[in-house]
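Input: a single structure, listed below in structure tokens.
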Amino acid sequence: MTGRSGAIAGGGERWTAAGSARWPLVSVVSVFHNRALYARDSAESLVSQTYPNLEIIVIDDGSVDGTFQVLESVLAGRAVLRRQENRGFTSTLKQAVESSRGEFVAIHGAGDLSYPQRIERLALMLTKYPDIGLVNSWWERENLASGEREIGRPEPYGRMAEQLLASNPFLHGEVMFRREMYDRVGGYREVFTYAQDRDLWLRMSRWTEFSTVPEVLYRCRVVPGSVSMDASKILMQCYFSALAVECATSRTPDGLDVVDRHGADALAHRAPSEGVAHRLARRGIDRMLHDPDGAWLLVKAGLKEHRTLRTRLSYALVALYRITFLRRLVAGLVRLKRSFTTARMQRRDRIADR
Numbered sequence: 118m119t120g121r122s123g124a125i126a127g128g129g130e131r132w133t134a135a136g137s138a139r140w141p142l143v144s145v146v147s148v149f150h151n152r153a154l155y156a157r158d159s160a161e162s163l164v165s166q167t168y169p170n171l172e173i174i175v176i177d178d179g180s181v182d183g184t185f186q187v188l189e190s191v192l193a194g195r196a197v198l199r200r201q202e203n204r205g206f207t208s209t210l211k212q213a214v215e216s217s218r219g220e221f222v223a224i225h226g227a228g229d230l231s232y233p234q235r236i237e238r239l240a241l242m243l244t245k246y247p248d249i250g251l252v253n254s255w256w257e258r259e260n261l262a263s264g265e266r267e268i269g270r271p272e273p274y275g276r277m278a279e280q281l282l283a284s285n286p287f288l289h290g291e292v293m294f295r296r297e298m299y300d301r302v303g304g305y306r307e308v309f310t311y312a313q314d315r316d317l318w319l320r321m322s323r324w325t326e327f328s329t330v331p332e333v334l335y336r337c338r339v340v341p342g343s344v345s346m347d348a349s350k351i352l353m354q355c356y357f358s359a360l361a362v363e364c365a366t367s368r369t370p371d372g373l374d375v376v377d378r379h380g381a382d383a384l385a386h387r388a389p390s391e392g393v394a395h396r397l398a399r400r401g402i403d404r405m406l407h408d409p410d411g412a413w414l415l416v417k418a419g420l421k422e423h424r425t426l427r428t429r430l431s432y433a434l435v436a437l438y439r440i441t442f443l444r445r446l447v448a449g450l451v452r453l454k455r456s457f458t459t460a461r462m463q464r465r466d467r468i469a470d471r
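Plus 117 on top of the position in the sequence shown (first one is 1) and you've got the numbering used here.
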């Protein structure tokens, strides 16, 4: 499977009439909510795609900051553009996919950028390899507040169930999948107000293979209000992500999972998890120096989730940091630990490169 990815990039293949008898219709779907500052170039990146047979569906989900007007100025006459009262991301994304006509469906995150050949490259992969049901690409992530950037080079391939149980290697906005596979597994489930992607990928992984195009074809922009910028959203993301894993691993003999059995109340029936507790503790410590209140929310939730030495220590550390005269001491300890961790990782990388 990795060899397939390399063939796409290394050969510099392009989609041409000579290379294929037809261009499968690809539907790109995107849901915007209050992203006026980032909507113009995000929408322009969609209408600038090199792929010739493209349906673009964009829904403004109750924005109040002028997002719709910006989208309209770019997409009028060039895309299916709808405006509605706020219904929530998962419900609206599900609506967009189900109204699409494409054989393949590509997601595009609001405010993000799809590079010009993104759709062409991903559609070529799905067309050449019928056993692949979902494909992504390498990506760039930019934090607009801090200016930090990172390049993601995930290598998902084959049957992804085991890897997806451990972690989710996808951003969500960079993927393309077969509509037939989406319908087979039941699509996005509205119970998942967060981690709806991981739930869907886990269900797809039972039936199909995944792969990647090893080129940076997508830029994710982390903006104020994003999940990773808000502690309360991080908390819910952790809970729903754990629910997705539990759904994949705890089915009844007749194949029903927690959501099938409990519907909208499924989250209340999720089993506590030491892994979730440690993840919340770690995220709390990571936020402590720049968002003490958010850190406090996360470490308290981690301790409630599962009492371990790690969650107790994280709780105690953030509690001490909230005491003004101890703040400098605690901050120094956290920075020292981070320096030690960074040095250890650098040593490990140097050894691996030998």
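All C-beta atoms in this analysis are idealised placements derived from N, C-alpha and C, irrespective of residue type, glycine included.
With 16 other CB atoms within 10 Å as the buried threshold, where does Thr329 fall? Thr329 is buried by the Cβ-count criterion.
Mark Gln201 as exposed unless 16 or more other C-beta atoms lie within 10 angstroms of its C-beta, in which case mark it buried. Answer is exposed; the Cβ neighbour count stays below 16.
How would you call Gln354, buried or exposed, if buried means at least 16 neighbouring beta carbons within 10 angstroms? Sixteen is the threshold: when 16 or more other Cβ atoms of the shown chains lie within 10 Å of the Cβ of Gln354, as they do, the residue is buried.
Cβ contact (3+ pairs, closer than 8 angstroms) linking the region 275-291 and the region 246-264: Between the region 275-291 and the region 246-264, the count of C-beta pairs closer than 8 angstroms reaches three or more; the two stretches touch.
Would the beta-carbon of Glu473 fall within 8 angstroms of that of Arg336? Nothing can be reported for residue 473: it is not among the residues displayed for the chain, which extend from 118 to 471.
Pro409: first and last residue of the uninterrupted alpha helix (DSSP H) it sits in: Run containing Pro409: 409-422, per the alpha helix (DSSP H) assignment.
Can you name the residues that DSSP bridges to Ala223? Paired residues: Val145, Met293.
Range of the contiguous beta strand (DSSP E) that encloses Glu172: Start and end: 171-178.
Please determine, among Arg338, Phe309, Tyr168, the residue with the shortest C-alpha to C-alpha distance to Phe221. Nearest Cα to Phe221 within the set Arg338, Phe309, Tyr168: Tyr168.
Proximal residues to Trp318 (C-beta, below 6 angstroms), its chain only, five neighbours per side dropped: Apart from sequence neighbours up to five positions away, the residues of its chain that approach Trp318 with a beta-carbon distance below 6 angstroms are Leu281, ordered along the chain.
Cβ of Val435 within 8 angstroms of Cβ of Trp413? Cβ distance < 8 angstroms, so Val435 and Trp413 count as in contact.
Put Glu202 into one of helix, strand or coil per three-state DSSP. Residue state for Glu202 is assigned as coil, using DSSP reduced to three classes.
Between Glu161 and Val197, is the Cβ-Cβ spacing less than 8 angstroms? No, the Cβ-Cβ distance between Glu161 and Val197 is not below 8 angstroms.
Arg315, enclosing alpha helix (DSSP H) - first and last residue: Run containing Arg315: 313-321, per the alpha helix (DSSP H) assignment.
Return the CA-CA distance between Val376 and Thr366, expressed in angstroms with no decimal places. Looking at the backbone, the Cα of Val376 and that of Thr366 are separated by about 12 angstroms.
Where Ala433 and Arg238 are concerned, what is the direct C-alpha to C-alpha distance, given to the nearest angstrom? If I take the Cα positions, the gap works out to 49 angstroms.
With a 10 Å radius around its C-beta and 16 neighbouring C-beta atoms as the bar for buried, classify Thr441 as buried or exposed. Answer is exposed; the Cβ neighbour count stays below 16.
I need the boundaries of the beta strand (DSSP E) containing Glu259, first residue and last residue. In the DSSP annotation of this structure, the continuous segment of the beta strand (DSSP E) that includes Glu259 starts and ends at 249-260.
Label Ser159 either buried or exposed according to how many other C-beta atoms from any shown protein chain fall within 10 Å of its C-beta, with 16 as the threshold for buried. Buried, since its Cβ has 16 or more Cβ neighbours within 10 Å.
Beta-carbon separation (whole angstroms), His225 vs Leu163, contact threshold 8 angstroms: 6 angstroms between Cβ atoms; contact.
Who are Met329's beta bridge partners in DSSP? Note that residue 329 corresponds to Thr in the displayed sequence, not to Met. Under DSSP, Thr329 shares a beta bridge with Asn253.
Classification of Arg387 by the beta-carbon crowding that lies within 10 angstroms, buried from 16 upward: A residue is called buried when at least 16 other Cβ atoms come within 10 angstroms of its Cβ; Arg387 meets this threshold and is buried.
Candidates Trp324, Phe309, Arg157, Arg199: which alpha carbon is nearest Phe85's? Since the first residue shown for the chain is 118 and the last is 471, residue 85 is missing from the structure and cannot be characterised.
With respect to the alpha helix (DSSP H) encompassing Ile351, which residues constitute its N-terminal and C-terminal limits? 348-366 is the span of the alpha helix (DSSP H), which, as asked, contains Ile351.
Taking 8 angstroms as the threshold (C-beta atoms), are Val308 and Ala213 in contact? The answer is no: Cβ separation not under 8 angstroms.
As a quick exercise: from Gly179, Leu352, Arg424, pick the residue whose alpha carbon is nearest that of Leu397. Closest option to Leu397, Cα to Cα, is Leu352.
Can you check which of these residues, Glu215, Leu426, Tyr155, is closest to Met494 by C-alpha distance? The structure shown does not extend to residue 494, since the chain is modelled only from 118 to 471, so the question has no answer here.
How long is the line joining the alpha carbons of Ile125 and Leu241, rounded to whole angstroms? Residue placement at Ile125 is flagged as unreliable, the pLDDT there being 45, under the threshold of 50; a coordinate-derived value is accordingly withheld.
Using 10 angstroms around the beta-carbon of Gly449, count the other beta-carbons present and answer buried if the total reaches 16, otherwise exposed. Exposed, by the Cβ-count rule.
How big is the Cα-Cα spacing for Arg204 and Leu210? If you take the alpha carbons of Arg204 and Leu210, they lie about 10 angstroms apart.
Count the other C-beta atoms from every protein chain shown that fall within 10 angstroms of the C-beta of Ile268, then say buried if there are 16 or more, exposed otherwise. Counting Cβ neighbours within 10 Å, Ile268 comes out exposed, since fewer than 16 surround it.
Can you look up Ile534 in the DSSP assignment and give me helix, strand or coil? No answer is possible for residue 534: it lies beyond the span of the chain, which begins at 118 and ends at 471.
Confirm, please, whether the CB-CB distance from Gln234 to Leu503 is below 8 angstroms. Any answer about residue 503 is impossible in this case: the structure gives the chain only from 118 up to 471.
With 16 other CB atoms within 10 Å as the buried threshold, where does Gly401 fall? Counting other Cβ atoms within 10 Å of its Cβ, Gly401 reaches 16 or more and is therefore classed as buried.
Note down, in chain order, each residue of its chain lying with its Cβ closer than 8 angstroms to the Cβ of Phe206, except the 5 sequence neighbours on either side. Here the set comprises Val148, His150, Asp178, Thr310, Gln313.
Give the straight-line distance between the Cα atoms of Gly342 and Asp229, rounded to the nearest whole angstrom. C-alpha separation (whole angstroms): 14 angstroms.
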